[in-house]
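Below you'll find the structure, written out as structure tokens, and then a few comments.
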Amino acid sequence: MGVISLDRLTVRLGGRTVLDGLTGELRGHAIGLLGPNGAGKSTLINTLLGFHEPAGGGARVLGLDARVDRMRIRQSVGYMPENDSFIGNMNGVRFVRYMAELAGLPPAEALERAHEALFYVGLGEVRYRKISTYSLGMKQLIKLAQGLAHGPKLLILDEPTNGLDPTARQRMIQLIKDIRKQGGTHLLISSHLLRDIDETCDEVLILNKGRIAAISNIEEERRSHRQFIEMEVAGSTEAFAKKMQSLGCECASFAGGRVKLVMPDALSAQDLYVTAAEFGVQIRRIQQRRDSLEDIFLRAMDYEGGRVDHVGV
Amino acid sequence: MSVFDHDYRPYEGRLTSLRSRPLVLARYALHEAWSSKITIGLFVLALLPTLVELVIVYVADNPVAQALIMRGSPSLTIGELFFLKVLETQCWFALVLAAWIAPRLVSFDLGDNALPILLSHPISRFGYLLGKFLALALSLAYVTLIPCLTLFVYQSYASPQPWAMGHLPLAAGIVAGAAVWIVLLSMVGLAVSAWVKWRVIATGAIFAVVFVPAGVGGIASAILRTRWGLLLNIPVVMSELWQRMLGAPTIMNPRLELPTSAMVAVLLLACLLCAAVLNARIRAREVVRG
């Protein structure tokens with residue numbers, strides 16, 4: 001069973017088709033939802049939560065129909081909205097407890113979990129302060145805390161690093177990685193930042209203009225590019241390249257001592273260094289290819305050598 | 314999760330039933346409403362007339378006290394007209410209380426954009442409104458239904474003659490009259506608070522919704538020489554209804570009397586209008602058209 005299944009999902013808002021016949025199945029543990037601003041990421045999340053009625057098709061979350069089982073979906077899901085969303089004149093612990101009680105926890109358990117969630121996200125020391133006095137980073141963290149307090153099976157994070165400074169962003173990414181590592185909760189992370197998705201997700205759904213541009217397993221993509229190596233060498237480049245070919249590499253050499261290799265699984269980096277030493281070749285630069293998500297994204301966006309607007313890397 | 318380990322663990326304990334979730338909202342809303350000193354002040358103010366009325370009931374039912382205090386004035390009678398005055402007084406205090414409390418219940422949520430987070434939990438829009446409605450209605454019952462019924466019970470206890478059994482329809486009238494006003498005020502209060510995000514303006518708007526149509530209705534009645542303009546006058550409509558519910562003698566010019574069905578229809582229409590406003594405004598997401 002997929003975490004999220006989409007079956008020709010179409011959503012119209014204000015007379016405009018925002019999601020257009022989305023079909024696909026997402027099974028990853030941490031799913032990234034990527035796309036430029038206005039691609040339909042937030043609309044898809046809102047539809048999964050039952051805020052928008054699909055005009056056609058359907059969606060299933062954790063096997064539950066988003067049209068029929070809204071309450072059961074919301075019971076199993078924690079949601080961190082993109083924009084500020086809190087009750088400013090409540091203190092942190094009261095707000096998180098309130099949300100946990102709404103999610104069905106009895107009052108005593110809700111209070112206990114509220115304290116725990118606030119300590120977990122790093123707001124333990126400020127939990128008795130009014131939320132209206134929190135900094136932007138703290139407000140993001142308290143949204144995460146309320147989404148976690150009731151122990152959801154799926155945690156939906158809409159632009160979790162929005163407006164955070166580098167330290168706060170790193171803290172948020174670390175928390176997300178930590179939740180993912182614990183294994184009990186699936187994650188759906190919407191972002192227009194490739195780096196956030198790249199660091200936290202194992203599967204990505206790319207939306208563009210309300211359509212699915214790509215669904216990709218980042219882990220597999222990473223594995224497939226693991227042995228793709230670019231080198232700059234000095235010495236007998238041709239001989240080195242031929243030797244590497246004879247060892248089973250796909251190899252191409254270019255002017256200026258540049259060599260590109262796709263290594264078979266049987267070879268390791270050590271073989272590369274040994275062969276280079278054999279031929280007296282000096283390795284001046286070596287780079288394993290790692291920006292696979294960017295490649296996937298650019299392909300999906302029909303990148304034609306120009307700049308992709310609104311998408312940060 | 315644990316405070317000491319700072320680890321995350323899923324929750325595996327028991328859950329409350331889905332039907333009880335609006336009560337969570339009502340509990341938090343009541344706490345929010347009554348955490349203000351102004352609310353407490355208004356509540357105390359609203360109970361002062363009840364204290365005076367308790368004394369009146371005591372004096373009316375005590376011949377010695379009556380002889381000492383009234384000294385030849387006409388004797389006090391505790392009946393339909395007395396309870397009509399009590400109900401009217403308390404209901405206007407309820408309007409003041411509603412104008413203060415209702416914006417606290419909804420405007421805070423709208424002002425901080427809390428609806429997406431609230432409604433992402435297993436509670437429907439109806440459940441959300443039901444919770445807020447219960448909190449407001451209960452707060453208004455504290456100053457209307459409960460004082461009136463307390464006076465009724467005290468009169469039943471203090472009356473030297475058997476009184477309660479003969480006046481049971483009066484008790485039913487008090488309950489029905491207060492309930493109609495509480496429902497109307499709660500609906501108007503919630504709708505105005507959902508429409509106007511600024512609390513102070515929302516408070517003013519609640520008074521305006523009650524009194525401005527009365528002026529418009531008065532003008533329409535005068536120009537068109539008709540009694541139907543009075544239907545827009547909520548204070549008059551409610552006074553008429555309460556008088557009929559309690560079985561009190563009429564004090565209005567018979568020529569201007571309105572049919573009960575028309576008055577009920579107007580109140581129903583007002584409630585439907587409020588429901589439509591709430592349906593339009595209480596959403597997790599705003600849809601931008603075009």
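Chains as they are written, first to last, in my numbering: chain A, 1 to 313; chain B, 314 to 603.
No residue lacks a Cβ here, since even glycine has one placed at the ideal position from N, Cα and C.
Fair warning: this is a prediction, and the values are worked out from it, not measured in the lab.
| Check | Outcome |
| --- | --- |
| Roughly how far, in whole angstroms, is the beta-carbon of G28(A) from the beta-carbon of E203(A), given that I think they are within contact range, below 8 Å? | 3 Å |
| Taking C-beta to C-beta, are T433(B) and L49(A) nearer than 8 Å? | The residue asked about is misnamed: residue 433(B) is Ser in this sequence, not Thr. For S433(B) and L49(A), yes; Cβs fall inside 8 Å. |
| Cβ atoms of Y455(B) and F356(B): under 8 Å apart, would you say? | yes |
| Please name the residue in F465(B), A342(B), L367(B), V509(B) whose C-alpha comes closest to that of A593(B). | V509(B) |
| Can you tell which of G256(A), K243(A), G137(A) has its C-alpha closest to the C-alpha of D271(A)? | K243(A) |
| Report the start-end ranges of each beta strand (DSSP E) in the region 176 to 232 of chain A that is 3 residues or longer and not cut off at the edges. | 186 to 191, 203 to 208, 211 to 217 |
| What does Q182(A) touch in chain B if you count any residue whose Cβ is under 8 Å from its own? | D320, Y321, R322 |
| Taking just the CA atoms, how far does I487(B) sit from L458(B)? | 7 Å |
| Give the C-beta separation of P435(B) and L331(B) to the nearest angstrom, bearing in mind that I take them to be a contact with Cβ-Cβ under 8 Å. | 6 Å |
| Kindly say whether L102(A), judged by its beta-carbon, lies nearer than 8 Å to any beta-carbon of chain B. | yes |
| Consult DSSP for A593(B) and reduce its assignment to one of helix, strand or coil. | helix |
| Quick one: any contact between the region 199 to 217 of chain A and the region 14 to 22 of chain A, if contact means 3 or more CB pairs under 8 Å? | yes |
| If you follow the alpha helix (DSSP H) that A59(A) is in, where does it begin and where does it stop? | That residue, A59(A), is in no alpha helix (DSSP H); its beta strand (DSSP E) goes 56 to 61. |
| When we look at the beta-carbon of S315(B) and count the other beta-carbons within 10 Å, is it buried (16 or more) or exposed? | Residue confidence for S315(B) is low, a pLDDT of 49 falling below 50, so the modelled location carries little weight and cannot support an answer. |
| With distances taken Cα to Cα, identify the nearest neighbour of S420(B) among I514(B), A527(B), I391(B). | I514(B) |
| Enumerate in chain order the residues of its own chain whose CB-to-CB distance from A533(B) is below 6 Å, with the five nearest sequence positions on each side excluded. | G542 |
| Please check the pair N91(A) and Y128(A), which I expect to be a contact at CB under 8 Å, by giving their CB distance rounded to whole angstroms. | 5 Å |
| Taking the alpha carbon of A491(B) as the point to measure from, which residue in Y467(B), W555(B), T390(B) has its own alpha carbon closest? | W555(B) |
| Classify S268(A): buried if its beta carbon has 16 or more other beta carbons within 10 angstroms, exposed otherwise. | exposed |
| Are the CB atoms of S253(A) and V262(A) nearer to each other than 8 Å? | no |
| Please state whether DSSP places I564(B) in a helix, a strand or coil. | coil |
| Check Q270(A) in the structure and name its three-state DSSP category. | helix |
| Select from R74(A), G183(A), R94(A) the residue whose C-alpha is nearest the C-alpha of E112(A). | R94(A) |
| Apart from the five residues just before and just after G124(A), which ones in its own chain have a Cβ nearer than 7 Å to its Cβ? | L118 |
| Using CA coordinates, which residue listed in T23(A), A168(A), I87(A), Q170(A) is at the minimum distance from E345(B)? | I87(A) |
| Here's the rule: buried if 16 or more other CB atoms are within 10 angstroms of the residue's CB, otherwise exposed. What is T47(A)? | buried |
| Between A407(B) and L453(B), how many whole angstroms is the CB-CB distance? I'm expecting something under 8 Å. | 5 Å |
| Classify T237(A) as helix, strand or coil using the three-state DSSP reduction. | helix |
| Taking the straight line between their C-alpha atoms, what separation do you get for E199(A) and Q174(A)? | 9 Å |
| When the Cβ atoms of the region 575 to 590 of chain B are set against those of the region 402 to 416 of chain B, are three or more pairs found closer than 8 Å? | no |
| For the beta strand (DSSP E) that A30(A) lies in, which residues bound it at each end? | 30 to 34 |
| Just reading off the alpha helix (DSSP H) that C251(A) is part of, what are its end residues? | Premise fails: C251(A) lies in the beta strand (DSSP E), 250 to 254, not in any alpha helix (DSSP H). |
| Compare the C-alpha of L394(B) against each of E553(B), V501(B), M478(B), P376(B) and name the closest. | E553(B) |
| Is it right to say L494(B) is buried, meaning 16 or more other beta carbons lie within 10 angstroms of its own, or is it exposed? | A small correction: the amino acid at residue 494(B) is Trp; Leu does not occupy that position in the sequence shown. Buried, by the Cβ-count rule. |
| Kindly list, in the order they appear in chain A, the residues whose Cβ is closer than 7 Å to that of T329(B). | G104, P106 |
| By DSSP, does L247(A) sit in helix, in strand, or in coil? | coil |
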